[in-house]
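The structure under discussion appears below in the form of structure tokens.
There are 2 protein chains.
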Amino acid sequence: MNGDVLSLVGKNIPKKDAPLKVTGQAQYIQDIKLPGMLWGKILYSRYPHGRILNIDTKRAERLPGVKAVLTGSTIPDIKIGFMKDNPPLKKGKVCSMRDEVAAVAATSPEVAQEAIELIDVEYEELPGVFDPVEAMKEGAPLIHEELKSNVLKLPWKLICGDVDRAKAESAYIVEDTYKTQWVTHCCLGTSGCIASFDVNNNLTMYSNTQIPSLAQRDYIDALNAFGLKNKRVRVVQSVIGGGFGSKLDTYPYEYIAILLALKTRRPVKILFTREEEFFATSPRQCTLTKISQGCDREGRLTFREMEMILDNGAYTSWGATTPSVMMMPISSLYKVPNVRYTAKCVYTNNNYSQAMRGYGNPQATFAIESSMDQLAEAAGMDPYEFRMKNANEPGEVTPQRFKITSCGMKECIEAVAEKLNWKEKRGRHNGRGVGMASLIHVGGGARVYKSDGCGTIIKIDDYGKVDVFTGSTDIGQGSDTVIAQIVAEVLGISIEDVNVINNDTDVCPWDVGVHASRTTFVAGNSALYAAEKIKAEILTIVSHMLGEDVAFLDIKNGVVYSKRDKEKSMPLGKALRSIHYATGGKMLMAECFYDPANENFDREFKGNLSVSYAYGAHGVEVEVDRKTGKVKILNYVAAHDVGRAINPMLLEGQIFGGGVMGLGYALGEEMVYINGVLKNGNFLDYKIPTAKDVPPIETIIVETVDKDGPFGAKGIGEPGLVPTAPAISNAIYDAVGVRIKDLPITPEKILKALKEKGAEKLDEA
Amino acid sequence: MNGDVLSLVGKNIPKKDAPLKVTGQAQYIQDIKLPGMLWGKILYSRYPHGRILNIDTKRAERLPGVKAVLTGSTIPDIKIGFMKDNPPLKKGKVCSMRDEVAAVAATSPEVAQEAIELIDVEYEELPGVFDPVEAMKEGAPLIHEELKSNVLKLPWKLICGDVDRAKAESAYIVEDTYKTQWVTHCCLGTSGCIASFDVNNNLTMYSNTQIPSLAQRDYIDALNAFGLKNKRVRVVQSVIGGGFGSKLDTYPYEYIAILLALKTRRPVKILFTREEEFFATSPRQCTLTKISQGCDREGRLTFREMEMILDNGAYTSWGATTPSVMMMPISSLYKVPNVRYTAKCVYTNNNYSQAMRGYGNPQATFAIESSMDQLAEAAGMDPYEFRMKNANEPGEVTPQRFKITSCGMKECIEAVAEKLNWKEKRGRHNGRGVGMASLIHVGGGARVYKSDGCGTIIKIDDYGKVDVFTGSTDIGQGSDTVIAQIVAEVLGISIEDVNVINNDTDVCPWDVGVHASRTTFVAGNSALYAAEKIKAEILTIVSHMLGEDVAFLDIKNGVVYSKRDKEKSMPLGKALRSIHYATGGKMLMAECFYDPANENFDREFKGNLSVSYAYGAHGVEVEVDRKTGKVKILNYVAAHDVGRAINPMLLEGQIFGGGVMGLGYALGEEMVYINGVLKNGNFLDYKIPTAKDVPPIETIIVETVDKDGPFGAKGIGEPGLVPTAPAISNAIYDAVGVRIKDLPITPEKILKALKEKGAEKLDEA
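Residue numbers (our numbering), protein chains in the order written: chain G, 1 to 765; chain H, 1 to 765.
Here is the structure:
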């Protein structure tokens with residue numbers, strides 16, 4: 001298949017849902033109204049840490065239009081989230097400013113808001129702890145007293161080879177500490193849901209979740225806890241205005257909506273304001289990383305050692321599992337035989353953290369790739385040459401037991417260097433500089449759950465139009481379009497002939513969720529194999545009709561034809577109708593559940609996490625204003641090994657989007673928490689790069705045609721974000737000789753570093 | 001499978017959708033509102049036959065809130081319906097009072113109605129013809145001038161054996177003429193639809209159609225005619241408040257909604273009032289039937305000859321094809337070796353006719369079974385004995401080439417006679433009488449279209465809950481519940497574990513429609529085979545897990561177990577999760593397209609129309625008031641060979657419903673058309689039997705376990721209606737000695753007949 005001429009795969013096909021979105025016809029959660037629907041609102045905590053002494057809801061209950069008021073003591077005792085440490089409504093204690101204390105359902109959002117303001121809560125404020133290092137100290141306030149410690153019982157530890165010995169034998173060693181900040185996903189569509197029970201107490205949940213199948217299971221568990229046994233839960237996904245990992249879990253507001261709907265027997269909608277979206281959703285956690293790397297005299301990496309502390313916040317979501325993905329670049333970005341990594345997730349009175357695009361990889365890669373430049377310098381090597389020497393190659397098995405199959409890392413690094421005119425531009429130290437950083441990411445799924453599978457069902461009508469039910473979720477990345485391309489390519493039909501249905505657990509097969517850059521690979525393969533089943537059936541039947549060996553038959557442009565005999569052909573629709581209208585006829589349908597043959601980590605956190613790995617390298621040329629500390633990106637080159645670009649335009653969109661998110665991460669974005677209080681929770685104060693801030697990003701697509709990917713493709717959803725910060729940091733160092741080790745790289749930090757460097761120089765002088 | 005003990009099949013399980021319906025949560029077309037939706041209204045003709053001279057829409061267009069006004073000359077030139085003789089909006093000529101002349105879309109139904117009243121139409125009235133016999137005469141007004149004749153070019157003619165010879169050799173011959181009236185379906189949910197285009201001009205049609213797949217094709221054809229090529233059409237079925245055949249076609253109002261939506265770029269809803277439901281939907285046509293039957297000296301039927309004239313009305317829908325189904329009782333009700341049948345469908349200026357429960361069978365059976373009593377009398381035989389002598393039997397091949405497999409006709413006739421205490425009660429002529437009539441109907445599909453198939457897709461989750469996507473449509477008969485029972489029985493789960501999805505062409509596989517009593521048989525088999533695929537897969541995998549031969553494994557009550565070794569068992573959910581969570585795991589899905597091996601008629605209208613046939617006999621005891629002519633039903637016994645009763649309660653519901661509809665047909669219902677004008681188009685004047693009018697109907701279920709039916713079941717949707725009228729007519733004859741040969745049997749007709757009979761007696765005296 002891959003060797004044949006492709007009709008649709010590789011073509012720039014606009015997103016199928018674009019016309020609906022630009023004309024406002026797409027139905028976001030904001031647009032959905034159900035008959036008799038009520039509006040829910042949540043009262044959050046007044047303190048980051050405190051004891052709830054009393055809640056008086058009487059005044060709220062009396063307000064006309066209020067249909068229900070709930071508090072922690074009036075709901076069943078359940079805890080939710082990855083470690084089941086988070087009650088939907090808190091009782092006894094609050095542990096962060098985001099803690100949900102009470103909720104109302106009312107006939108309008110305005111009445112609901114007014115009711116919230118009428119709820120009186122008495123607190124006893126408790127001393128808080130807002131820094132994970134402080135939180136680990138003896139005598140620090142405990143977030144969850146019953147756990148006896150603020151350190152989560154998640155034993156993140158990876159040991160490969162013998163780091164101590166390698167350290168002793170290394171020619172050059174560098175060591176440093178890197179910090180990253182809190183950032184948030186900034187989905188343009190705010191969070192929301194509608195919970196609706198039918199008369200049988202079956203629940204329909206309208207949601208913009210990234211994990212419909214897992215969320216369904218969470219809700220069923222909750223219903224069981226509420227005493228509603230053996231009920232059906234249907235998750236209907238609205239059009240989703242961005243996910244980026246923020247919707248990889250179920251959250252208190254969803255259970256609050258469910259409880260309000262149960263109590264009122266009416267559908268209840270909770271829709272976040274932009275302010276809530278900032279302070280009441282779970283951000284990317286901040287990290288503190290100690291890294292040490294060494295190489296031998298020839299510049300070959302000998303070891304990498306990292307210790308990391310992550311601020312978990314007050315409760316636990318999937319954010320606490322990001323160290324598992326961080327192990328990937330730590331163990332397998334460049335050839336490094338000896339690796340040691342430990343990470344501690346620590347409870348604090350901050351907001352609790354969640355997955356975000358890259359899932360820890362950007363934090364880890366910032367430390368690794370900054371340290372790579374430091375080590376190259378220590379070894380007296382050009383950072384480009386140093387990277388090329390250590391770059392990963394096809395056929396490698398990394399210390400964590402990743403089996404590297406397709407690998408275009410060197411091609412990416414070379415392409416970036418060439419485009420940047422690296423040799424000429426590196427090392428001028430004249431206020432302009434170039435820098436680069438590489439990345440590895442899972443490109444063929446990631447077995448972080450018991451299954452990494454995705455199901456597809458396809459049916460084809462009498463005229464060659466198909467409906468594809470996919471488990472996968474399109475959160476704006478364009479997966480529906482890519483799946484349509486794959487199916488249309490296999491069946492030799494046009495993209496308009498494919499209808500992708502992806503938004504209803506009643507209809508769509510199971511899928512573990514949209515994360516880990518897995519959708520094109522996993523859902524794509526699932527769709528591919530289902531389509532191939534149908535194609536095989538068509539060709540077999542038509543081979544009898546046409547009297548031609550099936551091996552010589554194919555379908556293109558809606559015609560089944562013989563590749564060796566022009567006389568033998570039949571319009572696809574005619575063939576389908578012949579199959580259908582025969583006595584005992586049939587209409588073709590097929591299903592496929594594709595679960596990649598990747599591995600869950602063993603107890604030592606080793607195993608082939610993904611069936612294939614994506615590589616890339618970003619390079620930037622910067623100009624640093626020594627007076628203002630301002631960084632201007634002059635050139636940005638992003639090279640990615642994507643296996644095969646199924647839709648180059650959408651793929652570039654992912655790289656652009658990732659790059660821009662990376663720019664924000666590198667240069668400006670930061671959630672400013674002071675003693676647990678978010679100080680810049682709005683788009684005026686929390687600045688994401690806008691179109692005018694963004695330099696042109698030049699993309700280079702390296703196609704390695706992965707043997708396991710659909711038409712050779714690998715994942716590209718997250719990689720674009722991963723190397724941006726270290727590439728920029730490295731370029732700044734090249735430009736002005738200072739290295740900023742904590743993100744974001746603000747002008748203030750550059751000025752301070754320049755000043756300190758000046759002082760150093762004076763000292764040296 | 002059939003031989004095993006059944007858990008759910010055969011049980012009285014309440015309809016799955018009953019709680020939603022009784023609490024008002026079910027969403028009928030009446031309940032569906034789309035954002036921005038407009039309301040469409042139709043202006044109908046002022047005359048049954050006339051020339052449209054001018055239409056002035058200016059005043060309507062100027063009315064605030066009116067968004068579009070359409071007339072026949074402002075829409076594309078298309079014709080719809082079974083013979084493509086019906087433009088959605090008429091131009092040039094109107095041919096019935098129901099003719100659609102103009103339409104508006106406005107912001108409310110009230111404004112739309114007002115606008116309709118502001119449209120001025122000038123007509124030249126033309127002479128009409130309202131009787132098919134008149135319409136066939138030389139010089140009668142032509143409905144469609146271009147056709148040169150009012151007789152439809154549908155050559156309904158069935159000839160089996162040699163009728164002339166049989167006639168000559170018969171010992172007894174009777175001949176008579178029977179008439180049936182116009183009746184209508186009286187669906188409690190009136191007709192309606194919403195047409196909605198997205199920005200890509202793909203159409204979503206919310207509809208209560210009985211034929212989602214065929215309607216989809218009709219709409220696509222229309223879009224093509226409107227210049228919208230290669231567009232997707234999605235038909236979403238609301239909960240349907242009754243069908244009875246009325247929704248077996250697409251109608252002008254649907255195309256009008258589409259055209260208004262296209263013009264306004266907004267969703268347009270057209271919802272019929274009760275009055276429109278009476279005069280602007282297509283009724284069961286009236287028939288005039290000449291029948292002659294003969295038998296030999298022993299009372300064995302020798303021949304049956306029938307000539308029939310059907311009033312087609314002004315246009316053609318599937319009503320014109322009912323003679324094809326009438327051939328079934330004509331050729332195959334009782335053993336009759338020689339058969340001749342011709343039918344003519346004739347255009348008139350009446351409303352055009354459509355299928356209705358029984359699809360012509362009640363009209364034909366009224367003549368046949370009335371004539372059977374006449375012939376029995378002529379031969380000096382008891383009508384019960386006469387029927388038993390001629391009853392069909394298993395293994396028979398009828399003159400039309402129907403292959404009779406399971407057949408419980410004799411059991412039905414015997415059971416009715418016994419319950420009625422026939423021998424004692426027959427022949428008293430004291431104002432009380434008993435009568436009976438039998439029926440044959442298709443019970444295993446009916447190949448009236450190129451395919452008689454239905455598709456099913458099933459997916460099962462980690463806990464043994466399944467979603468079933470069926471092509472079939474539940475119009476209130478309870479097919480969703482029956483399908484759920486079948487799937488739950490196969491998979492050994494509970495009825496609550498099965499979710500049936502049946503309302504969306506995007507999701508549901510193809511199905512020819514809900515008609516011909518085919519859903520339990522065809523959709524049931526389709527679901528059965530899909531479920532069996534999944535079961536086989538589960539058992540195969542579990543046999544490895546448990547180390548047990550697959551032949552000894554089964555599933556009951558959610559447990560996979562060995563039938564020979566109690567130690568070997570595993571909860572179904574656990575088995576499914578083990579299958580899912582294995583590396584390269586899978587979640588089980590299966591599909592099946594089941595098309596019964598029945599045959600389209602050949603050119604001589606012969607062939608095995610159905611895979612199996614349903615039989616039954618109804619018997620009544622009546623009391624006739626000689627002074628008022630009023631008929632009181634004292635006893636009503638309905639015996640049906642159903643193969644197997646999957647859900648006896650729902651099955652009895654079908655028999656009750658059919659019986660009640662049959663009572664209305666026999667004794668009171670009639671659409672009174674005078675010169676093409678419906679005079680009683682409302683529930684005050686058109687009286688259907690209400691609960692208080694209905695006698696207790698005693699049902700007798702005869703189970704013959706059909707070899708091809710799902711768990712042995714055959715269809716039962718229509719049969720309950722078929723023999724009611726002749727059974728009553730025969731009982732009246734037994735009671736008071738008069739035979740009413742034209743339906744309905746009103747007190748006036750009885751009095752008139754009694755009077756004539758009295759006069760006869762006087763004459764004789």
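Glycine included, C-beta positions come from ideal geometry on N, C-alpha and C.
With contact defined as three or more Cβ pairs closer than 8 angstroms, the stretch 342–357 of chain H and the stretch 618–631 of chain H are not in contact. For the stretch 443–457 of chain G, residues whose beta-carbon sits nearer than 7 angstroms to a beta-carbon of chain H comprise Lys450, Ser451, Gly453, Gly455 and Ile457. The beta carbon of proline 726 (chain G) sits closer than 7 angstroms to the beta carbons of Thr365, Phe366, Glu369, Ser370 and Ala437 from its chain, once the five residues preceding and following it are set aside; these are given in chain order.
Apart from sequence neighbours up to five positions away, the residues of its chain that approach serine 331 (chain H) with a beta-carbon distance below 7 angstroms are Leu158, Cys160, Val339, Thr398, Pro399 and Gln400, ordered along the chain. Apart from the 5 residues on each side of it in sequence, glutamate 396 (chain H) sits with its Cβ closer than 6 angstroms to the Cβ of Ile404 in its chain, given in chain order. Residues of the stretch 567–588 of chain H with a Cβ closer than 9 angstroms to any Cβ of chain G, in chain order: Arg577, His580, Tyr581, Ala582, Thr583, Gly584, Gly585, Lys586, Met587 and Leu588. For leucine 20 (chain H), the neighbours in chain G by C-beta distance under 9 angstroms run, in chain order, Asp198, Val199 and Asn200. Threonine 481 (chain H) has a beta carbon lying at 8 angstroms or more from every beta carbon in chain G. The residues Leu38, Gly40, Ala105, Ala195, Ala257, Leu260 and Ala261, in chain order, have a CB closer than 6 angstroms to that of valine 268 (chain H) in the same chain once the five nearest residues on each side in sequence are set aside. Contact check for glycine 464 (chain H) and glycine 573 (chain H): beta-carbon distance about 5 angstroms, within the 8 angstroms limit, so the pair qualifies. Separation of the CB atoms of aspartate 554 (chain G) and glycine 492 (chain G) is rounded to 7 angstroms, and the pair is thereby assigned contact status at 8 angstroms. Closer than 8 angstroms to the CB of glutamate 496 (chain H) there is at least one CB belonging to chain G. Here isoleucine 29 (chain G) is near tyrosine 206 (chain G), since their CB atoms are less than 8 angstroms apart.
The stretch 41–58 of chain G makes contact with the stretch 118–129 of chain G: 3 or more CB pairs, one atom from each, lie closer than 8 angstroms.
Taking CB atoms only, arginine 59 (chain G) has no neighbour in chain H less than 8 angstroms away. Between glycine 241 (chain H) and cysteine 186 (chain H), the C-beta gap is not smaller than 8 angstroms, which leaves the two residues out of contact. In this chain, the beta strand (DSSP E) harbouring valine 339 (chain H) covers 338–347.
Separation of the CB atoms of alanine 343 (chain H) and leucine 310 (chain H) is rounded to 6 angstroms, and the pair is thereby assigned contact status at 8 angstroms. Within the stretch 4–36 of chain G, Pro19, Leu20, Thr23 and Gln25 place their CB atoms closer than 7 angstroms to a CB of chain H, listed in sequence order. Between the alpha carbons of isoleucine 646 (chain H) and glycine 547 (chain G) lies a distance of about 45 angstroms. At a cut-off of 8 angstroms, the C-beta of aspartate 506 (chain H) has a neighbouring C-beta in chain G. Counted as a single uninterrupted DSSP element, the alpha helix (DSSP H) harbouring tyrosine 733 (chain H) occupies residues 724–736. Along the length of the stretch 242–325 of chain H, whole beta strand (DSSP E) runs at least 3 residues long occupy 268–271, 287–295 and 301–313, reported in chain order. Where serine 569 (chain H) is concerned, the enclosing beta strand (DSSP E) starts and stops at 569–571. Annotated three-state conformation of serine 562 (chain G) is strand, per DSSP. The beta carbons of valine 512 (chain H) and tyrosine 449 (chain H) sit about 5 angstroms from each other, so the pair counts as a contact at 8 angstroms. Apart from the 5 residues on each side of it in sequence, proline 383 (chain H) sits with its Cβ closer than 6 angstroms to the Cβ of Asp373 and Ala376 in its chain, given in chain order.
Bridge partners of leucine 634 (chain H) according to DSSP: none are assigned. Relative to the Cα of proline 696 (chain H), the nearest Cα in the group H:Lys167, H:Glu621, H:Val9 and H:Pro109 belongs to H:Glu621.
Excluding the 5 residues flanking it on each side, isoleucine 579 (chain H) has same chain C-beta neighbours closer than 8 angstroms at Ile538, Ile541, Gly585, Lys586, Met587 and Leu588, in chain order. In the DSSP assignment, glutamate 537 (chain G) falls within the alpha helix (DSSP H) that extends over 524–546. Rounded to whole angstroms, alanine 417 (chain H) and tyrosine 615 (chain H) show a C-alpha spacing of 15 angstroms. Between the stretch 694–710 of chain H and the stretch 132–151 of chain H, the count of C-beta pairs closer than 8 angstroms stays below three; the two stretches do not touch. When the five nearest sequence neighbours on each side are left out, the beta carbons in the same chain lying within less than 7 angstroms of the beta carbon of glutamate 134 (chain H) are those of Ala140, in order along the chain. For arginine 232 (chain H), the residues of chain G that pass the 9 angstroms Cβ criterion are Lys465, Glu496, Asp497 and Asn499, in the order they occur in the chain.
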